[in-house]
Ligand code: PMP
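Structural data, given as structure tokens:
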């Protein structure tokens, strides 16, 4: 028989959606990169709170600061009123931003979620520009609230809801493996930029001048697709030339995940508006928007919310940032990500069902395809959602949690804590390889 918790979960399936719906799992303990379920089975956690836990579960420095903060008598929530903890945290976040952006940045504290900060970013650019539409990208994920959902570059979750923005135009994302222009490489990048430039330059393109372009430097939920550096540079140049604010959503990529503190740093560009959450609060709910001061036209209180002042999250965020920096976890993410990619790429040579292995730092995706189907012009085969589901289940049986993503749900996503060791990376690759073999028909 199953553990009573799992039994209850099955009976009340509507109470426990998503991951547990597909995969019965009830967790009771966690430490570092491992979680343990109610029956004592241990799993290597390559999901880590959807990338939130940069330092892994229950890192002693985080636990320690939380306990000390709780005992210090600090008010736990202060709305937008300052405290020593908030002041330090604000300085720490500004200190993590590269110059010159850091010198001109203002920070708006938002509610607990990434989506909340995306909403704030949208309001900010709409108020600052007086324009109402936004350019977003196919495959994009920015959250589940109305505005953020409107920006989602996948119809599934939003088809029945309509749009809550004045208008969103979706642009092709530079998805190398499935180049929207059927070109790939430098030619695909050039075509993509020319397409966007044309939309913005031609008054008869049918697309009004937008309040912003919003982009993920690496699409996470969309399937771990890194935008080529040359494309990011080109997009930045286009946005500047057309006087359109560029919003970078680094909710998932921020704080070392991609091998640099922020993913935009790979391209040597700057955002006008930067959306941050997940690792920001050291595992506790928190989000902010950092933006260039020239957009600071909104009035105090233009973006309010009760839970903007979570002192525990700020304390955890500060200590997480200091550990990140002291232990050079951004550099570690680059190195360990390369290590995992190399092993996954070796597997791809043996298995035709691995269409693509890609990522940046510790944000890695394996796109599973139907090896029996005919490839398209670029050599890509159709996505294989069922196989991905089977691989995920086989990983779980072998003691590893991975999440799926991608436009067709066929990308196995690795998003482990940045403190993962080389030996644990090798373990992840080994489990994945065995799970793949077991999942093949
Ligand atoms: N933006 C990006 C890039 C994300 O990956 C996510 C969450 N996966 C969000 C926004 C939304 O964050 P939240 O789930 O905290 O609302």
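Numbering (full-length UniProt numbering), first residue to last: 44 to 484. Every residue, glycine too, gets a C-beta built ideally from N, C-alpha and C.
Would you mind stating whether residue 407 and residue 351 have Cβ atoms separated by less than 9 Å? no
- Task: Name the two residues that bound the continuous alpha helix (DSSP H) containing residue 399.
- Result: Residue 399 -> not in any alpha helix (DSSP H); beta strand (DSSP E) instead, spanning 397-402.
Q. Quick one: is residue 327 buried, meaning 16 or more other Cβ sit within 10 Å of its Cβ, or exposed?
A. buried
Quiz item: Between the beta-carbon of residue 405 and the beta-carbon of residue 434, is there less than 9 Å?
Solution: Contact flag unset, no.
Is any heavy atom in the ligand PMP found nearer than 8 Å to the beta carbon of residue 93?
Yes, the Cβ of residue 93 comes within 8 Å of a heavy atom of the ligand PMP.
C-alpha distance - residue 498 paired with residue 410, whole-angstrom precision: Given a span of 44 to 484 for the chain in the structure shown, any question on residue 498 remains unanswerable.
Review point. Leaving out five residues before and five after residue 81 in sequence, what residues of the same chain have Cβ atoms less than 7 Å from its Cβ?
Key: Taken in chain order, the residues that qualify are 46, 48, 69 and 71.
* Assuming residue 179 and residue 211 form a contact by the criterion Cβ under 8 Å, report the distance between their Cβ atoms to the nearest whole angstrom. => 5 Å
(message) What does the Cβ neighbour count give for residue 354, buried or exposed, with the cut at 16 atoms within 10 Å?
(response) buried
| Length of the line joining the Cα atoms of residue 95 and residue 322 | 4 Å
Open item on the list: Quick check on the burial criterion: 16 or more other C-beta atoms within 10 angstroms. Buried or exposed for residue 146?
Closed with: exposed
Is the beta carbon of residue 177 within less than 8 Å of some heavy atom of the ligand PMP?
no
Based on DSSP bridge pairs, tell me the residues matched to residue 75. Residue pairing of residue 75 in beta bridges, as defined by DSSP: 100.
Would you tell me roughly how many angstroms separate the C-alpha atoms of residue 295 and residue 319, rounded to the nearest one?
8 Å
* **Rounded straight-line distance, which links the Cα of residue 278 to that of residue 176** => 18 Å
Quick check on this structure: which residue in 200, 384, 376 and 330 has the alpha carbon closest to the alpha carbon of residue 452?
Nearest option by C-alpha distance: 200.
When the Cα of residue 66 is compared with those of 445, 395 and 283, which residue comes out closest? 445
Does the distance from the C-beta atom of residue 448 to that of residue 186 stay below 9 Å?
Against a cut-off of 9 Å, the Cβ pair of residue 186 and residue 448 comes out as no contact.
To the nearest angstrom, how far is the alpha carbon of residue 483 from that of residue 430? 7 Å
- Message: Quick check: what's the CA-CA separation for residue 477 versus residue 443?
- Response: 11 Å
Using a 10 Å radius around the Cβ and a threshold of 16 neighbouring Cβ atoms, would you call residue 293 buried or exposed? buried
Just list the beta strand (DSSP E) runs in the stretch 146-193, keeping only unbroken ones of 3 residues or longer that don't cross its boundaries, in chain order.
148-153 and 176-180
Closest to residue 89 by C-alpha separation, out of 101, 75 and 246, would be which residue? 75
Assuming residue 461 is part of the beta strand (DSSP E), what are its boundary residues?
Unbroken run through residue 461: none, as it is neither H nor E.
Inter-residue CB distance, residue 376 and residue 461 (contact presumed, cutoff 8 Å) = The pair is a contact, with the Cβ atoms about 5 Å apart (cut-off 8 Å).
Since residue 298 and residue 97 should fall inside the 8 Å C-beta cutoff, what is the C-beta to C-beta distance between them, to a whole number of angstroms? With 8 Å as the limit, residue 298 and residue 97 qualify as a contact, their Cβ atoms being about 6 Å apart.
| query | What are the start and end residues of the alpha helix (DSSP H) that includes residue 88? | reply | Taken as a continuous stretch (DSSP letters only), residue 88 belongs to no alpha helix (DSSP H), being part of the beta strand (DSSP E) at 85-88.
Next on the checklist: Please report the straight-line C-alpha distance between residue 332 and residue 258, rounded to a whole angstrom.
Outcome noted: 14 Å
| field | residue 153 versus 330, 192 and 232, residue with shortest Cα-Cα distance | value | 330
Q: Would you mind stating whether residue 419 and residue 219 have Cβ atoms separated by less than 9 Å?
A: no
| query | Between residue 184 and the ligand PMP, is the CB less than 8 Å from at least one heavy atom? | reply | yes
- Message: I want to check one thing, is the minimum distance from the CB of residue 166 to the heavy atoms of the ligand PMP below 8 Å?
- Response: no
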